[in-house]
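Accompanying notes for the structure given below.
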Amino acid sequence: MIAEKYRLILFGRFPYEEQWRPLVATLLLMGLVVASCMRTFWKPWLAVLWALVLMAFLVLMYGNVAGMSKVTTDRWGGLPLTILLSTLSIALAFPLALLVALGRRSNLPAIRALCTLYVELVRGVPLISVLFMASFMFPLFLPQGLTIDVLIRVLVGITLFAAAYLAEVIRGGLQAVPRGQVEAAATIGLSYWQTQRKIVLPQALAMVVPSIMNSFISILKDTSLVSIVSLYELTGSMDIALNSDANWKPFKLQAYFFIALIYFALCFAMSRYSRWVEARLNQSKQR
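Be aware that the sequence shown starts at 9, since it is given in the working numbering, and climbs by one per residue.
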């Protein structure tokens, strides 16, 4: 079953003869993620590289240039869609979560109340509800004639949902930093943002590395829910592969094992990277 349907599972409904495009796009994005995890590549030009790789990913997937046929986002699927949604959701949710966590500890009542309302509101509903709102309800509030691609709406929904949970993880780390260090920073003339950037955040984030990585892993696995709004990532592509030919339905167990192995490989790699970061932080503390 895997030998016959693996391309449909990995690339979904993308045109068969042009599936080299999602393959190259996925390898580029995964290579960039791996490079970003290495301290050697933590240079200012890394942000430019992110912009270039994301642009190349979108060009390869969408096409309509350089002789490549146009492939709309509703035909994207499989592993490329899973990697794209999880990578962008993590990259966008983390800075938003930082701001929300700092906002919840702000001395300004309006900012603190707004951040608290956002966190409690988002955490009070399941992700499926957020995806339904983004896919079906949100377009009803747009002016007539204005449409936003469903992929963008789903990406925003996952990002906002993930940021709310991640903000609470970071807030726990912020509360663990002794207040005396903040007061000491103020006495030597450091501004609020200098104190957060140089003293508070490095310690707070170091203390919650396992929890942060746990949230990242959850984001990766939560992308499987987008199949309910007609975006066929790995799980959705597997269903297409099984339903396209009734003769293969008795072998659905093999298909589930196949995508489970892919998810396990990705989650295990993220877990091992978290252990590596923890080990490096422990070495720095011992010095």
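We treat Cβ as the ideally placed atom computed from N, Cα and C, and that holds for glycine. Predicted model only: the values in this text are computed from it and were never measured.
Legend entry - Endpoints, the alpha helix (DSSP H) within which F19 is located: As a position in the sequence shown, residue 19 is number 11, starting the count at 1. Run containing F19: 10–19, per the alpha helix (DSSP H) assignment.
Inset, instruction - Count the CB pairs spanning the segment 66–75 and the segment 27–36 that are closer than 8 angstroms, and state whether there are at least three. - result: Two segments are said to touch when three or more pairs of C-beta atoms, one from each, lie closer than 8 angstroms; by this definition the segment 66–75 touches the segment 27–36.
Legend entry - Local conformation of G85 per DSSP, three classes: Here the question's residue 85 lines up with position 77 in the sequence shown. Three-state result, G85: strand.
Inset, instruction - Evaluate contact between the segment 274–286 and the segment 219–227, counting only Cβ atoms and requiring at least three cross-stretch pairs below 8 angstroms. - result: yes
Inset, instruction - Using 10 angstroms around the beta-carbon of V42, count the other beta-carbons present and answer buried if the total reaches 16, otherwise exposed. - result: Here residue 42 refers to the residue found at position 34 of the sequence shown. Exposed: under 16 other Cβ atoms inside 10 Å.
Inset, instruction - Would you kindly work out how many angstroms separate the C-alpha atoms of L66 and T195, rounded to a whole number? - result: Locating residue 66 in the sequence shown gives position 58, counting from the first residue. Locating residue 195 in the sequence shown gives position 187, counting from the first residue. Rounded to whole angstroms, L66 to T195 spans 49 angstroms at the Cα level.
Inset, instruction - Using a threshold of 7 angstroms, state whether the C-beta atoms of I160 and Q189 are closer than that. - result: Position 152 of the sequence shown holds residue 160. Position 181 of the sequence shown holds residue 189. Their beta carbons are not under 7 angstroms apart, which means I160 does not touch Q189 by this criterion.
Legend entry - Proximity to A33 [Cα-Cα], best of F19, A192, Y240, L122: As a first step, residue 33 is located in the sequence shown; it is residue number 25 there, counting from the start. Residue F19 is the option with its Cα nearest to A33.
Inset, instruction - Could you confirm whether any beta carbon from chain C is found closer than 7 angstroms to the beta carbon of F146? - result: Among the chains in the structure shown there is no chain C, since it carries only a single protein chain.
Legend entry - Range of the contiguous alpha helix (DSSP H) that encloses Y126: If you number the sequence shown from 1, residue 126 lands on position 118. Segment 117–131, the alpha helix (DSSP H) holding Y126.
Inset, instruction - Could you tell me whether the segment 108–116 touches the segment 49–64, where touching means 3 or more Cβ pairs closer than 8 angstroms? - result: No, because fewer than three Cβ pairs between the segment 108–116 and the segment 49–64 fall closer than 8 angstroms, the two stretches do not touch.
Inset, instruction - Determine, using beta carbons only, whether V177 and S219 come nearer to each other than 7 angstroms. - result: Reading the sequence shown from its first residue, position 169 is the one you call residue 177. Reading the sequence shown from its first residue, position 211 is the one you call residue 219. Contact: yes.
Inset, instruction - Could you check which residue in S94, E25, S77 has the C-alpha nearest to that of L274? - result: Taking the first residue of the sequence shown as 1, we reach residue 274 at position 266. The residue with the shortest Cα to Cα distance from L274 is S94.
Inset, instruction - Tell me whether the beta-carbon of A172 lies closer than 7 angstroms to the beta-carbon of V127. - result: Numbered from 1 along the sequence shown, position 164 holds the residue referred to as residue 172. Numbered from 1 along the sequence shown, position 119 holds the residue referred to as residue 127. Going by C-beta atoms, A172 is nearer than 7 angstroms to V127.
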